[in-house]
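These protein sequence lines map, in sequence, to chains A and B. Quick note: the first sequence uses the numbering used here, first residue 114, plus one each step. Quick note: the second sequence uses the numbering used here, first residue 951, plus one each step. Report on one structure; see the data block that follows.
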Amino acid sequence: MAHKILMCGNEACGEGAILAGCTFYAGYPITPQNELTAYIAKRMLETGGVFIQAESELAAINMVFGASVAGARAMTSSSSPGISLKQEGISYLAACELPCVIVNMQRGGPGLGNIAPSQADYFQAVKGGGHGDYKLIVFAPSSAQELLEFTYLAFELADKYRNPTFILGDGLLGQMMEPVQIRYTNDDIRTTKKEWALTGCKGRKPNVIKSLLLGEGELERHNQKLQEKYSSIKKIEQRAEAFYIKDSDIVVTAYGSVARIARSAMKKARAKGIRVGMIRPITLWPFPDRLFKETADRTEKFLVVEMSAGQMVEDVKLAVGGRTDVEFYGRMGGAIPTEEEILEKIESII
Amino acid sequence: MKSRAKGKGKGKGKGKGKGHALTENNLIFAHPASLRDVENHYCAGCGHGIVHRLICEAVDEFGIREKTIGVAPVGCAVLAYDYWDFDVTEAAHGRTPAVATGIKRVRPDNIVFTYQGDGDLAAIGTAEIIHTANRGENITVIFVNNGVYGMTGGQMAPTTLAGQKTATTIYGRSLKRDGYPIKILEMLAVLPGAKYLERVAVNSAHEVLRAKRAIKNAFKMQIDNKGFSMVEVLSMCPTYWEMTSIQAAKRINDEVATFYPLGVIKSC
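Structure below.
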């Protein structure tokens, strides 16, 4: 039976992983995601899974590589500076088509920055922070409930596409306490048979997992195969939530925790008689560009609000292709935009 | 060696030798079943081929081919998966023991080993090897130390000896400028998690036999769940030592093994 528990976003994320059958976690402490590491350490003891506090983020992501190679549902988490360290491993995971889930509870940057919430790692997550042409499926939850659900879903899609998936949260989402409904049981897990996994070659030819492709044209062919996979993900997996888009002059766009603030601003604006709608991308890659294209023909303007200097706004501009004005409002360095600021911005551009 | 007579290991491959009068009874030397019968890319006089073979002989003799998972490094041995006939994964440079940790923790019944060079293990992967040993991971590490970066063109390695000329130390390694050669096994020996550490060489038939015994001991440690085991193999790189194969083999005795002492460093 579904029941509700009060937990912080980081814990909800960890519970989503456990419910999805994650049996391996490796991580390294960093604020503001420490509740996730602590929660999953405890839950792995209870469920018989593996928890390793690694010597570094580099080691953690490569332990996840090993666990994934061996066929386990595996996960790591960190926050911005730690995610930078994991980029090498993420590139290898994507190249070797190894499923896993990576969580980034973003904090202010660049550099050591601060430990306040931020969305300045959008480019890193959706454009590929490591080397080479690769893509991760990137989810942007906006509540503890969604952290649980999207983490659960992220494991499923990772296995389905043999691709790393990414949860892009922030320190606010990670640490905020909210009631969370536990909707899944372990019986719901949809597993995929992993014939490619390294399990020992009993009864079959040896399996090799590698990304070094030196043969004439071999690496280009591998890239083409990856790109075909990414194209099909792009077709199938775009997700977004929309409000009043058929009845709006301005469509506010925000993801994650900012989307909740923007939604309140939208409500206030509508109460004042301003026709404001909203699109909240749920997948940041694939970006829900179909919805933006459709909406661009109906609305006068987009206003993109982010906790960054303007990163997702570039994808909105690409999606609307110059058919509509795209305005931007952002706060940086761990500052959180308020409802009033967003409302003021809406009023200034209407 | 083109014909492939299967090893005298247990089980698989018995009596499958093609077109040979060889039988189990008269077979005294055979191609290991776990070693693919293909040409390798190693230079003449390189020790990697010998070490690859010794691992395969150990795997065959323990009858563990079907549960062995190898982790190949970045470096000269990056293509090891083309030569070993069991499951193998690549790892990012130096992260080899971290990858092996992940595999072994989710598949504790498999036999997991890493194969690493001196750049992979003693430079870029220093943190990983120390902490993997310190956690006492029940894996086996085969560390091939030839004191030079072979794949990238003969640059200085952390294990390059004082005065040794390389592409990046053209007048020889200066201890003042370049630091000291690292004795990894002696460093790891202080860690309670490291259970079996031995240094061997592959520059003569005698040393090769000792190397094989050490590699088997290390795998046996893992099979018996005794924890972290590692064998450092002093190996030749005639190409970047700019020597003949014979000179390179002799150098191991004269210069390398005098600095890196052979033998069991730790066994418990």
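Just so you know, even glycine gets a beta-carbon here, dropped at the ideal spot from N, CA and C.
Can you check whether the C-beta of residue i is within less than 7 Å of a C-beta belonging to chain A?
i         : result
B:PHE1093 : no
B:PHE1036 : yes
B:GLY1052 : yes
B:HIS1081 : yes
B:THR898  : Lying outside 951 to 1218, the shown extent of chain B, residue 898 of chain B is not represented and no answer is given.
B:ARG1045 : yes
B:VAL1049 : yes
B:ARG903  : There is simply no residue 903 of chain B to check, as chain B begins at 951 and stops at 1218 in what is shown.
B:TYR1031 : yes
B:ARG1055 : yes
B:ALA1042 : yes
B:ARG954  : Only weak support is given to the placement of B:ARG954: the predicted model assigns it a pLDDT of 43, under 50, and the question is left unresolved by the model.
Do residue j and residue i have their beta-carbon atoms positioned less than 7 Å apart in this structure?
i         : j         : result
B:TYR1031 : B:VAL1038 : yes
B:ASN1096 : B:SER1185 : yes
A:VAL251  : A:LEU397  : yes
A:ILE295  : A:HIS116  : yes
A:GLN232  : A:MET420  : yes
B:ALA1168 : B:ALA1083 : no
A:GLU440  : A:ILE462  : yes
A:PHE268  : A:ARG352  : no
A:LEU404  : A:ILE363  : no
A:GLY129  : A:LEU261  : yes
A:ASP301  : A:GLN219  : no
B:GLU1087 : B:THR1051 : yes
B:ASN1053 : B:ILE1019 : In the sequence as displayed, the identity of residue 1053 of chain B is Ile instead of Asn. The answer is yes: Cβ separation under 7 Å.
A:GLU291  : A:ALA257  : yes
Go ahead and pull the three-state DSSP assignment for residue i.
i         : result
B:LYS1145 : strand
B:PHE1063 : strand
B:SER1185 : coil
A:GLY284  : helix
A:LEU270  : helix
A:TRP309  : coil
A:GLN424  : coil
A:ALA355  : strand
B:ILE1196 : helix
B:GLY1129 : coil
B:MET1137 : helix
A:MET289  : coil
A:MET445  : coil
B:HIS991  : coil
A:GLU419  : strand
B:HIS1002 : helix
A:ILE302  : coil
A:HIS116  : strand
Can you confirm whether residue i, when its beta carbon is compared against all beta carbons of chain B, has any partner nearer than 7 Å?
i        : result
A:GLU331 : no
A:LYS342 : no
A:SER169 : yes
A:GLU413 : no
A:ILE322 : yes
A:MET114 : Reliability fails at A:MET114, whose pLDDT of 49 lies under 50, so the model's placement of it is uncertain and no value is given.
A:CYS135 : no
A:ALA154 : no
A:LYS248 : no
A:GLY222 : no
A:ASN147 : no
A:PRO319 : yes
A:TYR205 : yes
A:ASN336 : no
A:CYS178 : With the sequence shown as reference, residue 178 of chain A is identified as Phe, and Cys is not the correct amino acid for it. True, the Cβ-Cβ gap to chain B drops below 7 Å.
A:LEU172 : Note that residue 172 of chain A is Ala in the sequence shown here, rather than Leu. By this cut-off, A:ALA172 is an interface position.
Is residue i a contact residue of the ligand FMN, with contact defined as CB to any heavy atom under 6 Å?
i         : result
B:TYR1099 : Because no ligand of any kind appears in the structure shown, any question about the ligand FMN cannot be addressed here.
Run through the segment 119-154 of chain A for me and flag every whole alpha helix (DSSP H) of 4 or more residues, listed as ranges in chain order. 122-132
Interfacial residues, the segment 1004-1021 of chain B to chain A, with Cβ spacing under 8 Å: ARG1015, GLU1016, LYS1017, THR1018, ILE1019 and VAL1021
Report the residues of the segment 380-411 of chain A with a CB closer than 9 Å to any CB of chain B, ordered along the chain. none
Between the segment 266-281 of chain A and chain B, which residues of the former have CB atoms less than 7 Å from a CB of the latter, in chain order? none
Residues of the segment 1126-1158 of chain B in Cβ contact with chain A at a cutoff of 7 Å, in chain order, please. Taking 7 Å as the Cβ-Cβ cut-off against chain A, none of the residues of the segment 1126-1158 of chain B qualify.
Pick out the complete beta strand (DSSP E) segments inside the segment 162-249 of chain A, 3 residues or longer, and give them in chain order. Runs found: 163-166, 187-191 and 213-219.
Relative to chain A, which residues along the segment 1058-1087 of chain B have a C-beta separation below 9 Å, given in chain order? ASP1059, ASN1060, ILE1061, VAL1062, ALA1077, GLU1078, ILE1080, HIS1081, THR1082, ASN1084 and ARG1085
Go through the segment 343-405 of chain A residue by residue and report every complete run of the beta strand (DSSP E) that reaches 3 residues or more, in order. With a minimum length of 3 residues, the continuous beta strand (DSSP E) runs that stay inside the segment 343-405 of chain A are 353-356, 363-366, 389-394 and 396-398.
Any residues in the segment 187-201 of chain A with a beta carbon nearer than 8 Å to a beta carbon of chain B? Which ones, in chain order? ALA187 and GLU201
Which runs of the beta strand (DSSP E), 3 residues or longer, sit entirely within the segment 1020-1107 of chain B? Complete beta strand (DSSP E) runs here, min 3: 1037-1040, 1061-1067 and 1090-1095.
Report the residues of the segment 292-321 of chain A with a CB closer than 7 Å to any CB of chain B, ordered along the chain. LEU311, THR312, GLY313, CYS314, LYS315, PRO319, ASN320 and VAL321
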